[in-house]
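These notes are about the structure you will find just below.
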Amino acid sequence: MSGEGAPAITVQGAEDLTVVVIASQWHTTVMDGLLGGARRALADAGVRDVTELRVPGVFELPVAAARVTTRQVDAVVALGVVIRGGTPHFEYVCEAATTGLTLVAQRTGIPIGFGVLTCDNEQQAIERAGLPGSIEDKGHEAATAALATAVTLSPWSRCS
Numbered sequence: 005m006s007g008e009g010a011p012a013i014t015v016q017g018a019e020d021l022t023v024v025v026i027a028s029q030w031h032t033t034v035m036d037g038l039l040g041g042a043r044r045a046l047a048d049a050g051v052r053d054v055t056e057l058r059v060p061g062v063f064e065l066p067v068a069a070a071r072v073t074t075r076q077v078d079a080v081v082a083l084g085v086v087i088r089g090g091t092p093h094f095e096y097v098c099e100a101a102t103t104g105l106t107l108v109a110q111r112t113g114i115p116i117g118f119g120v121l122t123c124d125n126e127q128q129a130i131e132r133a134g135l136p137g138s139i140e141d142k143g144h145e146a147a148t149a150a151l152a153t154a155v156t157l158s159p160w161s162r163c164s
């Protein structure tokens, strides 16, 4: 199981953060689970200033993250799912999303929680989506990681 060895992360001091959740629209059932997990993590941390945006697919996540980080935002959570098919499209989309989101985070210094599932089949995605019966909750994990990083970096967030 990919979640084996994951740290238990508790987020404190995130109440005043501004967070944007960007989610793709493909694979509705899986995306409902990922969004639900992210919402629970944000609520658990007491975050009140949350904006949700939906984009067509995973490939669009980096451009959306680049745009929203031009405004005052403390963290971004990027959610999506790509399921392997019979063509190289899977590799191109996964690499573009990973590289694009990484570059936005590095360029802006704004944490981006990476909640993009890259699975061989739909069952693997469902098992990670935070749905009833799922073995993992990657939406919750992505939001928690973004919040924890934003809180950790907050002393440097408004340096001139």
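Quick note on this note's numbering: the sequence shown kicks off at 5 and runs consecutively.
We put the CB at the ideal spot given by N, CA and C, even for glycine.
Bear in mind the structure is a predicted one, so any value in this text is a computation, not a measurement.
Note that the region 124-139 touches the region 35-44; at least 3 beta-carbon pairs, one per stretch, sit closer than 8 Å. Pairwise C-beta distances place the region 73-89 in contact with the region 112-131, as three or more of them are shorter than 8 Å. Looking from the CA of A12, the closest CA among I26, A45 and S28 belongs to A45. Shown here, R58 sits in a strand according to DSSP, grouped into three states. Residue range T22 to S28 is occupied by the beta strand (DSSP E) that includes T22, with no alpha helix (DSSP H) assigned at that position. Residue environment analysis places I139 among the exposed positions, since fewer than 16 neighbouring C-beta atoms fall within 10 angstroms of its C-beta. Per the coordinates, the alpha-carbon of G143 lies some 16 Å from the alpha-carbon of T102. Residue burial annotation: V77 is buried, with at least 16 other C-beta atoms found within 10 angstroms of its C-beta. Per DSSP, reduced to three states, the secondary structure at L121 is strand.
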